[in-house]
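Peer 1: Residue numbers (the working numbering): 1 to 228. In this text, a Cβ means the ideal position worked out from N, Cα and C, and glycines have one as well. Everything numeric in this text was worked out from a predicted model, so none of it was measured. The structure is given below, and queries will be raised subsequently.
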């Protein structure tokens, strides 16, 4: 269903518990984005993997400004808020995203590649929803992207300075997604594909937190002035 100003603020077909789980999970990501932005200003490094940034902002635009959540206008506004937060992150990606690249020889092509990726993801997600492959609140497409992001986060933290990554982001994104996964198990028990994505994301997020703290301990054990 396309975005409508006439949709109710909250769809009470969902229980109060379900709405609360989803809402608090979304707040977890608002917190994560805030601390990502703060780390960008401090370190001039975007800790979200660049492949996830371009997909995320496309998803948020499609769901926040085109389709809207069937959970109510309040949640549609939440998606739009994510998108607005992500504008700064995406802008910073064009400035600093080349630092994530393994092969710096392709850095010249980073800006056009990232720009095309945002457009491509937007078109794909739009038609994914149009083809009725998604839930009314974007869970299928969202979790496909989340699995990708959670996996890429592990790869990125393993090869970059641990000081470029935030512990608050590690916990807030992991906890936020976990609450959204509990919500999915409650409202979509008949969708094994989605629930599998939820479990895979949870395992990847737990792995990321473990790797994050292992790298932080290793860095703390290295004498000052010696590369970690």
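How many whole angstroms separate the CB atoms of residue 150 and residue 208, which I take to be in contact at a CB cut-off of 8 Å?
Peer 2: Translated into the one-based positions of the chain shown, residue 150 becomes position 150. Translated into the one-based positions of the chain shown, residue 208 becomes position 208. Confirmed, Cβ separation roughly 6 Å.
Peer 1: On a Cα-Cα basis, can you pick out the residue from 21, 15 and 11 that is closest to residue 178?
Peer 2: What you label residue 178 is simply residue 178 of the chain shown in a count that begins at 1. Looking at the Cα atoms, 21 is the closest of the given residues.
Peer 1: Taking the straight line between their C-alpha atoms, what separation do you get for residue 108 and residue 50?
Peer 2: Sequence index remark: in the chain shown, residue 108 carries index 108 (1-based). Sequence index remark: in the chain shown, residue 50 carries index 50 (1-based). Computed Cα separation, rounded: 15 Å.
Peer 1: Mind the definition here: the segment 58–74 touches the segment 178–190 only if three or more C-beta pairs lie below 8 Å; say whether that holds.
Peer 2: Contact between the segment 58–74 and the segment 178–190 is absent, because fewer than three Cβ pairs lie under 8 Å.
Peer 1: Just to confirm the assignment, what range does the alpha helix (DSSP H) spanning residue 144 have?
Peer 2: Position 144 of the chain shown, counting from 1, holds the residue named residue 144. 139–159 is the span of the alpha helix (DSSP H), which, as asked, contains residue 144.
Peer 1: Report the rounded CA-to-CA distance for residue 123 versus residue 144, giving the unit in angstroms.
Peer 2: Here residue 123 refers to the residue found at position 123 of the chain shown. Here residue 144 refers to the residue found at position 144 of the chain shown. Distance between the alpha carbons of residue 123 and residue 144 is about 15 Å.
Peer 1: Residue 86 lies in the alpha helix (DSSP H); which residues open and close that run?
Peer 2: In the chain shown, residue 86 corresponds to position 86, counting from 1. That run of the alpha helix (DSSP H) goes 73–96.
Peer 1: What is the DSSP secondary structure of residue 47, reduced to helix, strand or coil?
Peer 2: Locating residue 47 in the chain shown gives position 47, counting from the first residue. Looking at residue 47 - three-state DSSP - the assignment turns out to be coil, as it is neither helix nor strand.
Peer 1: Leaving out five residues before and five after residue 169 in sequence, what residues of the same chain have Cβ atoms less than 7 Å from its Cβ?
Peer 2: The sequence position of residue 169 within the chain shown is 169, counting from 1. Cβ neighbours of residue 169 beyond the five flanking positions: 32, 35, 36 and 47.
Peer 1: Write down the C-beta distance between residue 156 and residue 100 rounded to the nearest angstrom, noting that I regard them as a contact closer than 8 Å.
Peer 2: Translated into the one-based positions of the chain shown, residue 156 becomes position 156. Translated into the one-based positions of the chain shown, residue 100 becomes position 100. About 6 Å separates the two Cβ atoms, so the contact holds.
Peer 1: Which whole-angstrom value describes the C-beta separation of residue 141 and residue 127, a residue pair presumed to lie in contact below a C-beta threshold of 8 Å?
Peer 2: Along the chain shown, one-based indexing puts residue 141 at 141. Along the chain shown, one-based indexing puts residue 127 at 127. That pair is no contact at about 11 Å.
Peer 1: Identify whether residue 186 lies in helix, strand or coil by the three-state DSSP scheme.
Peer 2: Residue 186 sits at position 186 when you count from the first residue of the chain shown. In the structure shown, residue 186 sits in a helix (DSSP, three-state: H, G or I).
Peer 1: Label residue 115 either buried or exposed according to how many other C-beta atoms from any shown protein chain fall within 10 Å of its C-beta, with 16 as the threshold for buried.
Peer 2: Locating residue 115 in the chain shown gives position 115, where the first residue counts as 1. Exposed: under 16 other Cβ atoms inside 10 Å.
Peer 1: Whole angstroms is fine: what's the gap from residue 199's alpha carbon to residue 183's?
Peer 2: As a first step, residue 199 must be located in the chain shown, where it is residue number 199. As a first step, residue 183 must be located in the chain shown, where it is residue number 183. Cα-Cα distance, rounded: 13 Å.
Peer 1: Leaving aside the five residues before and after residue 87 along the sequence, list all residues of the same chain whose C-beta is less than 8 Å from its C-beta, in chain order.
Peer 2: Along the chain shown, one-based indexing puts residue 87 at 87. Closer than 8 Å at the Cβ level, and outside the excluded window around residue 87, lie 57.
Peer 1: With C-beta atoms as the reference, is residue 30 less than 8 Å away from residue 85?
Peer 2: As a first step, residue 30 must be located in the chain shown, where it is residue number 30. As a first step, residue 85 must be located in the chain shown, where it is residue number 85. Yes, Cβ-Cβ distance for residue 30 and residue 85 is below 8 Å.
Peer 1: Which two residues bound the contiguous alpha helix (DSSP H) that contains residue 111?
Peer 2: In the chain shown, the residue the question calls residue 111 occupies position 111. Unbroken alpha helix (DSSP H) run through residue 111: 110–130.
Peer 1: Helix, strand or coil for residue 102 per DSSP?
Peer 2: Here residue 102 refers to the residue found at position 102 when the chain shown is read from its first residue. It is coil, neither helix nor strand.
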